Every structure is written in structure tokens, then in C-alpha cells.
Ligand code: SF4
Ligand code: SF4
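In this note's numbering, the protein residues as written are 736 to 1150.
And the structure:
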């Protein structure tokens, strides 16, 4: 088996040396501080990138106890700091290595992580909860709890998460497409359960361009465990993805979830892995879209901006919808607060960041919001419900597919 995740050593001494070496790249200039959402929130050096790098280094050299981990736990892993750092500090690797040294947290975080990274369990749990009428009891139950309660955040998540069944594959269509170019579609774990409309939309756009999308089985890429200090579990997830891709003999994979991209690239060193928007922007010149006379606000997730680097590609694609009045939310603050499981682990901090984003969005008076990350979308939707201002929050792929020109769809049907 390929040695994936070789960049995150799992032995404690190796980890400590690696953390110190990574931290030594930082010249403590402080240029990253104005870009850090948690520094903006707390105005405290410990909650800044520079403070966290110093803390990680001190923990690695045993100068400070591992129990002083809170600022590292608070980090959103948004990577705004890494993008602006003039000396190229590898902050993402340093954070993952530091959290691996600290080890995963227990309690609700542990159970939640296990549930979210196992799509079959997640799907079954959500189905059971909604069969038992979660829409009637989850939201009222959440409101009985304090705003800082993790259980309140978890119940709100349950209330707003409806599992979407995987679309049935039409075998006749597949056989017609046997001569088309095969391209893999990685649907992940949470996204596999909650993002069916985005994945169906991507398949529709790909077929329009003459590709035959092949879905991988629902499987976590390992990102959530890697970001939460469970490095060994993350490696196991990544190895399963590697095996699936080898079994399906795929050499090109797309993902509609930018947060999965860096873990997939690590897991699949011999495979071309791309963000869906990057691919569609480059290969999709034949796509034609119908006009849409609407004002829509766009939230660009941190992972799309700093990991996938597909924000410009997305803007170019949406600009091809005639008459669309697209309003991008201001970059500040750079994170909505969702940040993986952060919005459940630290609901008040996450709500503070979200409030600023939603105020920006509502001031634009849009008819709906767009965001390409399932966690951001869920977090923003919960915030809109909490504020009594519900509105659709959709994946941009769903909008692009809905606006496809039907005439070019007819052309595709004849393939
Ligand atoms: S991480 Fe980079 S930008 Fe921030 S203080 Fe260190 S060297 Fe400066
Ligand atoms: S990843 Fe984001 S929250 Fe964490 S230190 Fe960097 S800028 Fe701040």
C-alpha cells in the first residue's frame, strides 16, 4: 500500500521534531494577524497564528504542558494565515501535527466525529430521527438549551439536516455512455448524505460536456479526523479511498467539497484530483446557461479560497449566467465559523463569526445564498433560522445545473 500521509508522522518524537522544524519557519513578523478571524474575535496574541505557532513549538519541546491546548483547539483551520505568510510557513501541516500530538478530544466531539465520518451511520441516524418527527422536536428542544450548549448546536444541526437519497443510476444511460470519457466523482461522507442535489448537478454538467461520471462509494477522505488529532484514523480512511480508486481504475477524480481536496491529493498521489469548479471553468466552455433575473449572495468558503483556490473559477462560471445579479460577501471576516465540527464544539464563538457574515448577506437583500461547502451551508442556514430570516442556501453547482440551456441538454441526450 502506498505510504500516504507520510507528511504527518504519528510517532510522538518524530511529531515533536517536525512541529519544531515547522514552527522555526515563522519569523514572528505578525503580518498574518489582521487576517485571522479568531484574533479579530479575541484581540489576544494566543488566539493568533503567531501565538499558536509559538504554543505548538513550546508544547513540542515540553516547555508547556499539553493541557494548555485551548488556543489550538479554537483554530478554525481556515488557512487565511498560510495564504498571506511571506515566509511560507506550512501552517496546515503544523496544525495537523500539533493536534496529532495533543490527540483527539473525547466527549461529544468524539461521537460526533465518528458519526459524521461514517456516511452509512449518519444516513441511518438522520433517517431514524426524521422518521421519529425530528422536525417537530429537535428545534423546540434546542431552544430550551442555552446558546452556548453543544447539545443545542447538535440538535439544530439535526433539525436542518435532511438526508438525500442517492440518485438511481439509469443503466440505459450508462450503457450509452460507455464510450465517453470516464471521470471519478468523490462524494465524501457528510456531503454524500446531504449534498445529493449538488452531486446530481455535477453529473448533469459533466454529461453535458461528454463525460461519464463514475461515483466512488460513500467514504470519508480523512480530513475531519486529521484536523481533530486522530491521525491514525485519518490514514485508514485515506487508504480506503486509495483502494476504491484503484478498484475502479480511475485516473481523474473531481470533488464538489473543497475541504476534501488536500486529503484526496495526499491519498491519491498517482491520480489527478481536482475541484469541480476548476475543472468546469477550464473544460466547460460549451456549457450554455439560461438568464436568471435574481439577486443572489455568494459566500466563498475558506477551503475554496485557501485550499482548492477555485474561487476565481467559480466567479467566472456564475458570471456566465445572463442577468444574474451576483453579490459576493465581503472577505472580512474570512470564516463563517462552521470550520468542520467547530460550530458544535464552540457554538458561541461560531455564532459570533456567523452573525457578521449573515448581517453582510442580509444587507444585500438577496433572494438566496450560495456556498460550496456543506458545513458552511448548514451553519449559515441554522443562523438564518435562529434569526427568523430563513432563505434557501444552495450549492453553486445546483444553480448552474438548473440554469443549463435546455437546447444543449437535448443535444447531450442524443449522445
Ligand atoms: S506565520 Fe508567517 S506571517 Fe505569521 S508571524 Fe509567522 S512568519 Fe509572519
Ligand atoms: S488557520 Fe485561520 S483561525 Fe487558525 S490561526 Fe490561521 S487564520 Fe487564524
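Every residue gets a Cβ at the ideal spot worked out from N, C-alpha and C, and that includes glycine.
Nothing here was measured: the structure is a model prediction, and the numbers come from that model.
Collapsed DSSP secondary structure at residue 1018 in the structure displayed: Taking the chain shown and counting its residues from 1, the one referred to as residue 1018 is at position 283. Note: residue 1018 maps to helix in three-state DSSP.
Looking at residue 1010: is its Cβ nearer than 7 Å to the Cβ of residue 1045? Start at 1 with the first residue of the chain shown, and residue 1010 comes out as number 275. Start at 1 with the first residue of the chain shown, and residue 1045 comes out as number 310. Closer than 7 Å, so yes.
I need the straight-line Cα distance from residue 834 to residue 943, nearest angstrom please. The residue you call residue 834 lines up with position 99 of the chain shown. The residue you call residue 943 lines up with position 208 of the chain shown. Near 43 Å, if we compare the C-alpha coordinates of residue 943 and residue 834.
Would DSSP call residue 908 helix, strand or coil? Here the question's residue 908 lines up with position 173 in the chain shown. Any reading at residue 908 is ruled out, since the residue's pLDDT is 48, under 50, leaving its predicted position unreliable.
Secondary structure at residue 739, three-state DSSP: helix, strand or coil? For the purposes of this step, residue 739 is taken as the residue at position 4 of the chain shown. In this predicted model, residue 739 has a pLDDT of only 43, less than 50, meaning its place in the structure is not dependable; the value taken from the coordinates is given anyway. Correct three-state label for residue 739: coil.
Best match in 1007, 973, 1002 and 999 for proximity to residue 986 [C-alpha to C-alpha]: Position 251 of the chain shown, counted from the first residue, corresponds to residue 986. Cα-wise, what sits closest to residue 986 is 1007.
With a 10 Å radius around its C-beta and 16 neighbouring C-beta atoms as the bar for buried, classify residue 1092 as buried or exposed. On the chain shown, residue 1092 is found 357 positions in, with the first residue counted as 1. Buried.
Going along the chain, which residues of its own chain have a beta-carbon closer than 6 Å to the beta-carbon of residue 1039, five neighbours each way excluded? The residue you call residue 1039 lines up with position 304 of the chain shown. Closer than 6 Å at Cβ, skipping near neighbours: 993, 1045, 1046 and 1107.
Sort 760, 954, 1074 and 828 by Cα distance to residue 1089 and report the nearest one. Translated into positions along the chain shown, residue 1089 becomes position 354. Ranking the options by Cα distance to residue 1089, first place goes to 1074.
Separation of residue 1137 from residue 1095, as counted between CA atoms: Counting from one through the chain shown, the residue named residue 1095 turns up at place 360. Counting from one through the chain shown, the residue named residue 1137 turns up at place 402. Approximately 26 Å, taken between the alpha carbons.
Check: residue 758 C-beta below 6 Å from any heavy atom of ligand 2: Position 23 of the chain shown holds residue 758. Because no heavy atom of ligand 2 lies under 6 Å away, the Cβ of residue 758 does not count as near it: no.
Quick check on residue 949: does DSSP put it in helix, strand or coil? If you number the chain shown from 1, residue 949 lands on position 214. Note: residue 949 maps to strand in three-state DSSP.
What's the call for residue 855, buried or exposed, on a 16-neighbour Cβ count within 10 Å? In the chain shown, counting from the first residue as 1, residue 855 sits at position 120. Exposed, because fewer than 16 other Cβ atoms sit within 10 Å of the Cβ of residue 855.
Collapsed DSSP secondary structure at residue 1063 in the structure displayed: The residue labelled residue 1063 in the question sits at position 328 within the chain shown. The DSSP-derived three-state label of residue 1063 is strand.
Following a CB-centred definition, is residue 773 positioned closer than 6 Å to any heavy atom of ligand 2? Translated into the one-based positions of the chain shown, residue 773 becomes position 38. Indeed, a heavy atom of ligand 2 lies less than 6 Å from the Cβ.
According to DSSP, residue 1103 sits in a beta bridge with which residue or residues? Residue numbering aside, residue 1103 sits at position 368 when the chain shown is read from its first letter. 1031.
Do you know how far the Cα of residue 1028 is from the Cα of residue 893? As a first step, residue 893 is located in the chain shown; it is residue number 158 there, counting from the start. As a first step, residue 1028 is located in the chain shown; it is residue number 293 there, counting from the start. Between the C-alpha atoms of residue 893 and residue 1028 there is a straight-line separation of about 33 Å.
Using a Cβ-Cβ cut-off of 7 Å (strictly less than) and excluding sequence neighbours within five positions of residue 1069, which residues of its own chain qualify? In the chain shown, counting from the first residue as 1, residue 1069 sits at position 334. The answer, listed in chain order, is 770, 772, 813, 815 and 1037.
Closest by C-alpha distance to residue 1082, when choosing among 1115, 752, 1104 and 824: To locate residue 1082, count along the chain shown from 1; it is residue 347. Taking only the C-alpha atoms, the option nearest residue 1082 is 1115.
With a cut-off of 8 Å on the beta carbons, I'd call residue 792 and residue 768 a contact; round off their distance for me. The count along the chain shown starts at 1 and reaches residue 792 at position 57. The count along the chain shown starts at 1 and reaches residue 768 at position 33. The pair is not a contact, with the Cβ atoms about 17 Å apart (cut-off 8 Å).
On the criterion of 16 or more Cβ atoms from any shown chain inside 10 Å, does residue 749 qualify as buried, or is it exposed? Locating residue 749 in the chain shown gives position 14, where the first residue counts as 1. Exposed, because fewer than 16 other Cβ atoms sit within 10 Å of the Cβ of residue 749.
So does the segment 1119-1139 actually touch the segment 944-957, counting three or more Cβ pairs closer than 8 Å? no
For the segment 825-845 and the segment 955-964, state whether three or more C-beta atom pairs, one from each stretch, are separated by less than 8 Å. Verdict: yes, contact present.
Please name the residue in 1055, 752, 1060 and 819 whose C-alpha comes closest to that of residue 1033. The residue labelled residue 1033 in the question sits at position 298 within the chain shown. The shortest Cα separation from residue 1033 among 1055, 752, 1060 and 819 belongs to 1060.
Taking 6 Å as the cut-off, is the CB of residue 901 close to at least one heavy atom of ligand 1? On the chain shown, residue 901 is found 166 positions in, with the first residue counted as 1. Checking every heavy atom of ligand 1 against the Cβ of residue 901, none is found closer than 6 Å.
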